[in-house]
Amino acid sequence: MVMEVLLDPNKEMSGDDSIVITQFNISKAIKDSILVNFGECGLASSLRSFQVKYVNSITKLCIIRASRDEYKKIWYSISMVRSIGNCLVLFNLLDLSGSIKACKTAALKCDELKFEQYKLMVGARLSVDVIRHMQNCIEKIKILEH
Amino acid sequence: MGFFDLNIPYTDSTPLSKANSTVAKSTRIKIVIKAMELGYTGIAYNRTIRGVMSDRDRCSIPLLGLSSLLDVAPFLSSSVNFHRDLLGVPRSSPFRQYTRLTVCIDTASQSQALNSGNPILKTYDIVAVRPLNQNAFDHACEKAEVDIISIDFSDKLPFRLKLPMVKAAIKRGIYFEITYSDLIVDVHQRRQIISNAKLLLDWTQGKNVILSSAAPSVCEVRGPNDVANLASLLGLSMERAKAAISKNCRSLLTNALRRKHFFKEVIRVEAVSSSRQSDSEIPLYADWLKWDPISSGEGDLLLDDMAKSFSASTNASKTVKAIDFDSIIDKMPSHGFQIKDLISGSEASFQPQTEVKSFLSTPQPIELSVRTNQASENSIRHDLFPETDDATLDNTCSEPLTSAFGDPQKLYLASYATKTSTGSEEVVTDTVMTEIESETCNASVAASGSVEAENQGLQSKKCYEQNFVLLNENVNDGLNAVMLNEEVISHQTSAMDIELEAAALEISPPSESSVETIKVDDIAVDMDKERQETTASSLNNMSSLENISERMSLRTSEDDAVIVDQISRQQSDDEMRVKDDSLVPNHENQVLLMEEPKLAEADSSMNDLGSVRSNEPCMKLSSRKNQPQY
Chain D
1 MVMEVLLDPN KEMSGDDSIV ITQFNISKAI KDSILVNFGE CGLASSLRSF QVKYVNSITK
61 LCIIRASRDE YKKIWYSISM VRSIGNCLVL FNLLDLSGSI KACKTAALKC DELKFEQYKL
121 MVGARLSVDV IRHMQNCIEK IKILEH
Chain P
1 MGFFDLNIPY TDSTPLSKAN STVAKSTRIK IVIKAMELGY TGIAYNRTIR GVMSDRDRCS
61 IPLLGLSSLL DVAPFLSSSV NFHRDLLGVP RSSPFRQYTR LTVCIDTASQ SQALNSGNPI
121 LKTYDIVAVR PLNQNAFDHA CEKAEVDIIS IDFSDKLPFR LKLPMVKAAI KRGIYFEITY
181 SDLIVDVHQR RQIISNAKLL LDWTQGKNVI LSSAAPSVCE VRGPNDVANL ASLLGLSMER
241 AKAAISKNCR SLLTNALRRK HFFKEVIRVE AVSSSRQSDS EIPLYADWLK WDPISSGEGD
301 LLLDDMAKSF SASTNASKTV KAIDFDSIID KMPSHGFQIK DLISGSEASF QPQTEVKSFL
361 STPQPIELSV RTNQASENSI RHDLFPETDD ATLDNTCSEP LTSAFGDPQK LYLASYATKT
421 STGSEEVVTD TVMTEIESET CNASVAASGS VEAENQGLQS KKCYEQNFVL LNENVNDGLN
481 AVMLNEEVIS HQTSAMDIEL EAAALEISPP SESSVETIKV DDIAVDMDKE RQETTASSLN
541 NMSSLENISE RMSLRTSEDD AVIVDQISRQ QSDDEMRVKD DSLVPNHENQ VLLMEEPKLA
601 EADSSMNDLG SVRSNEPCMK LSSRKNQPQY
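Protein sequences, first through last, are from chains D and P. For what it's worth, full-length UniProt numbering labels the leading residue of the first sequence as 1, then goes sequentially. For what it's worth, full-length UniProt numbering labels the leading residue of the second sequence as 1, then goes sequentially.
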């Protein structure tokens with residue numbers, strides 16, 4: 001059915017927000033990776049159910065959907081992604097669950113924690129925009145649907 | 001259950017330019033931080049050498065301290081905690097660092113170097129071999145004393161993997177390593193790696209396989225779940241794949257560290273810090289119970305106080321560093337210690353009973369084929385065996401334990417004479433102060449110490465007191481000491497002490513005439529009591545042939561609780577016996593009995609006990625209730 005994969009992208013150390021990640025970016029990068037690793041056929045069969053559902057560019061969190069048949073391949077391809085555009089990235093799986101509901105709860109939790117870390121790192125430079133953006137993202141998670 | 005990444009490349013210490021080295025160092029720090037953040041609990045710095053090893057290759061990898069990591073990533077702790085929670089790793093488990101060496105092997109002569117006697121290999125925690133041709137691979141699987149066989153899968157393999165070889169390696173406890181960073185880096189190499197690694201994984205079914213990154217930079221490290229997924233794509237079940245980065249690594253580390261720190265894999269010697277001495281209320285063995293089987297002694301970063309202080313944890317300093325036998329042995333004079341030298345230093349070292357002396361805490365069997373100390377005319381009179389200069393060491397005993405007498409912090413080993421032709425020497429069994437307390441943590445210690453006592457053809461007397469951890473007497477001439485099979489002993493309870501050690505003996509200074517006072521350490525006595533039971537059970541586990549366990553129980557006149565079996569030494573030459581060494585000063589009421597289960601090797605000597613002769617009237621063969629079954 002529905003396989004959601006929660007990822008925490010963009011863990012490279014060298015850059016700092018050199019690229020803003022969006023749904024499109026990530027999706028493209030992953031598709032390229034599937035193509036390289038699993039070929040046309042692999043891409044085609046995964047594409048049917050593959051979707052990047054949610055991306056939070058501040059905390060670098062994203063939720064990715066995949067089918068139960070193909071999720072391992074997609075997961076592997078995601079691990080193999082080295083860069084998005086010109087920016088080196090690293091994907092790390094945070095949570096893997098079978099329904100959107102479970103993913104939502106996990107995502108909320110992770111988002112909160114990651115945002116705390118972000119605040120620590122940013123320190124005084126925290127701007128209101130960012131906070132508002134975070135609120136929006138959290139709302140988005142809550143209305144995520146199958 | 002923690003996750004380990006046991007291959008983080010460490011580039012050599014002779015950089016071409018200073019800039020290179022700083023870059024390399026910063027890369028290393030970054031990788032370490034990344035690994036920590038991703039949730040790994042342990043890493044190993046891997047140094048690769050090729051060809052002949054020289055003395056320059058000794059381990060010189062600097063372990064990173066918490067402060068250096070925090071300099072680069074000040075908010076490490078929150079991120080680490082976050083990921084650890086997600087992975088299910090306890091937050092407080094320390095982050096461990098190990099050192100590893102990978103030797104690339106081409107020729108047969110290089111493979112010969114990979115044995116347990118190689119001192120350079122001993123400086124590293126983990127030893128890996130990378131065979132480059134068929135012979136090397138075969139040798140590595142069958143004979144080499146390594147922990148890991150690491151094969152470079154990224155090119156066409158120069159040799160064939162053969163199933164019987166692979167099976168032989170697994171049987172010996174060697175792990176195969178698959179590195180995954182090449183998968184990420186290069187698309188073309190991916191094909192080769194996947195096809196080669198798949199073969200290996202099919203044959204081993206994931207048993208004895210570990211996965212690690214050989215990440216050249218920080219972008220190639222992946223989190224534990226991702227790595228497990230890689231392996232599952234290569235054909236393993238998810239459970240086995242997860243084990244490949246956690247359980248297998250952990251058992252590999254346990255074995256490797258046991259090999260490194262423990263003498264003959266059973267006995268560990270630790271120096272007791274002098275600060276302990278003031279703390280006599282705390283029982284000695286409390287520390288032993290905290291033995292950490294995969295701690296390398298240093299390099300464990302405790303993350304608890306990271307958030308508070310951002311400073312390097314100070315707990316690491318409390319871990320007791322194992323004494324390296326080799327270094328001690330090297331410093332020993334070849335003829336053994338002169339008692340008088342020792343005695344002079346011993347005055348200061350006498351402690352009240354509760355003092356902790358150095359103790360043998362190696363779970364490795366101590367081969368007490370110790371060179372006997374030069375018997376001296378000393379006033380120490382034990383019932384000593386003649387001491388000879390050239391102890392007939394047991395063949396296999398390469399590192400006799402010797403007691404460093406005058407130094408309270410060193411380990412004392414009772415040395416005893418081997419059989420020598422010279423009868424007239426007085427044996428000084430060593431150590432006035434011998435308090436050997438073996439570490440109970442490793443149950444195998446108790447059982448399996450293959451103690452090789454040299455058998456002296458004693459003309460002189462007979463029993464002497466000593467605390468041996470394990471004695472294995474060698475009959476005259478180099479009968480092979482039967483090494484105790486340490487593996488037999490299960491490790492469970494750390495409370496397993498070798499009874500021997502429990503007894504802390506202090507022998508009065510030699511100036512006292514011929515009377516050795518044996519003071520039993522009260523604590524030790526208590527411990528003994530406990531341990532007898534545990535020891536007894538453990539003893540039963542020991543393989544009959546190989547195990548010698550010594551238990552010393554003290555029976556003092558006032559305290560009957562502890563009983564030590566004591567068997568005097570035989571003086572006859574030829575019998576190979578398992579002896580229970582009994583140390584009894586002639587004059588002593590207090591008999592320190594050491595009971596050794598007999599080595600079955602001679603087996604005929606099982607009934608030796610009866611034949612044990614002792615000149616001492618006070619020698620008793622105490623109740624055999626604790627005798628292990630042979």
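In this text, a Cβ means the ideal position worked out from N, Cα and C, and glycines have one as well. Source: prediction; values computed, not measured.
- Closer than 8 Å at the C-beta level to chain D, one finds these residues of the segment 203-223 of chain P: 218, 219, 221, 222 and 223.
- Taking 7 Å as the cut-off between beta carbons, the residues of the segment 71-82 of chain P near chain D are 75, 78, 79 and 82, in sequence order.
- Against chain D, the beta carbon of residue 86 of chain P has neighbours under 8 Å at 94, 95 and 110, listed in chain order.
- Membership of residue 137 of chain D in the alpha helix (DSSP H) is indicated by the continuous run 128-142.
- Any Cβ of chain P closer than 9 Å to the Cβ of residue 70 of chain D would place that residue at the interface, and such an atom is absent.
- At least one beta carbon of chain P lies nearer than 9 Å to the beta carbon of residue 76 of chain D.
- Among the residues of the segment 35-64 of chain D, those with a Cβ less than 8 Å away from any Cβ of chain P are 36 and 37, in the order of the chain.
- Contact annotation: in the segment 118-148 of chain P, no residue has its CB less than 8 Å from a CB in chain D.
- Under the three-state reduction of DSSP, residue 25 of chain D is assigned to helix.
- When the Cα atoms are used, residue 222 of chain P and residue 54 of chain P turn out to be separated by approximately 34 Å.
- Taking a beta-carbon distance threshold of 9 Å, residue 117 of chain D counts as an interface residue toward chain P.
- Residue state for residue 97 of chain D is assigned as strand, using DSSP reduced to three classes.
- The shortest C-alpha to C-alpha distance from residue 110 of chain P to any of P/93, P/130 and P/91 is the one to P/130.
- Taking a Cβ-Cβ threshold of 8 Å, the residues of chain P close to residue 88 of chain D are 219, in chain order.
- Proximity of chain D to residue 229 of chain P at the Cβ level (cut-off 7 Å) is accounted for by 72, 75, 76 and 79, in chain order.
- Counting only the Cα atoms, residue 135 of chain P lies some 7 Å from residue 108 of chain P.
- For the C-beta of residue 152 of chain P, not a single chain D residue is nearer than 8 Å; the gap to the nearest is close to 20 Å.
- For residue 60 of chain D, the closest alpha carbon among the candidates D/126, D/115 and D/132 is that of D/115.
- Interface annotation, residue 121 of chain D: in contact with chain P, CB-CB separation under 9 Å.
- Runs of the alpha helix (DSSP H) lying entirely within the segment 178-212 of chain P and spanning at least 4 residues, in chain order: 181-185 and 187-204.
- For the set D/135, D/113, D/131 and D/31, the Cα lying nearest the Cα of residue 79 of chain D is the one of D/31.
- Taking all protein chains in view, the Cβ of residue 39 of chain P is crowded by 16 or more other Cβ atoms within 10 Å, so the residue is classified as buried.
- The residue from D/28, D/135, D/144 and D/143 with its alpha-carbon nearest to that of residue 85 of chain D is D/28.
- Counting along the chain, residue 55 of chain D sits inside the beta strand (DSSP E) bounded by residues 51-56.
- Looking at the DSSP output, residue 87 of chain D bridges to D/84.
- One alpha carbon belongs to residue 23 of chain P, the other to residue 32 of chain P, and they sit about 14 Å apart.
- Under the three-state reduction of DSSP output, residue 150 of chain P falls in the strand class.
- Straight-line measurement puts the Cα of residue 209 of chain P at about 19 Å from the Cα of residue 45 of chain P.
- Taking 9 Å as the cut-off, the beta carbon of residue 224 of chain P is found no closer than this to the beta carbon of residue 9 of chain P.
- With contacts defined by Cβ atoms closer than 9 Å, residue 174 of chain P and residue 148 of chain P form a contacting pair.
- By the CB criterion at 9 Å, residue 243 of chain P and residue 201 of chain P fall outside the cutoff.
- Beta-bridge annotation (DSSP): residue 176 of chain P is paired with P/149 and P/209.
- Residue contact check for residue 115 of chain P against chain D: no CB pair falls below 9 Å.
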